[in-house]
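Take the sequence shown: its letter number 15 is residue 14 in numbering that gives the first Met the number 0, and every next letter is one higher. Cβ atoms here follow ideal geometry from the backbone N, Cα and C, with glycine treated the same way.
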Amino acid sequence: MTITGLEPYALCLVSSFYLLDSMKSGRLEYRYNLGRTAAGECYMDEENTTFQGATIDMDEAPVEQETPFDRLESRIDTLIEKYEQLVSVHSQCEEKMAGQEARIRELESKLGNSEQQRSEIRTRLDAMIDKLGRFS
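Here it is as structure tokens:
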């Protein structure tokens, strides 16, 4: 990229891209990792580079861009994480269901015992009623 005939501009590094601020025309953003060289008046420090009446040649440094393979790999990783979460939830549900089934068997056993006891009580009552019927 070549920029020529600049009036007061400032080139600032922000995160992984550079912002080009113009006092007259507003702000332009360049989303590149740039190597920079300048001819003319150039004032640089760690954060800002100011050019006046300069010609600036900016060579693009190799940019690490996300490739389709990287996106696919990221999606696969996300799916694996979701699958592992589902397996964990499924295991918890199985444990809860096993606990509920044990509780149901326990209640059925108690109910069976109650019915057996009720049957025994009914048999005893019938026997007592028969005995009382003989005395009357």
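Around residue 66, the same chain offers no residue with a beta carbon nearer than 7 angstroms, after the five sequence neighbours per side are excluded. In the three-state reduction of the DSSP assignment, residue 64 falls in the coil class. Rounded to whole angstroms, the gap between the alpha carbons of residue 103 and residue 126 is 34 angstroms.
Annotation: residue 86 to residue 100 spans about 21 angstroms, alpha carbon to alpha carbon. Cβ-Cβ distances below 6 angstroms link residue 69 to nothing in the same chain once the five nearest sequence neighbours on each side are left out. Note on geometry: alpha-carbon atoms of residue 83 and residue 90 lie some 11 angstroms from one another.
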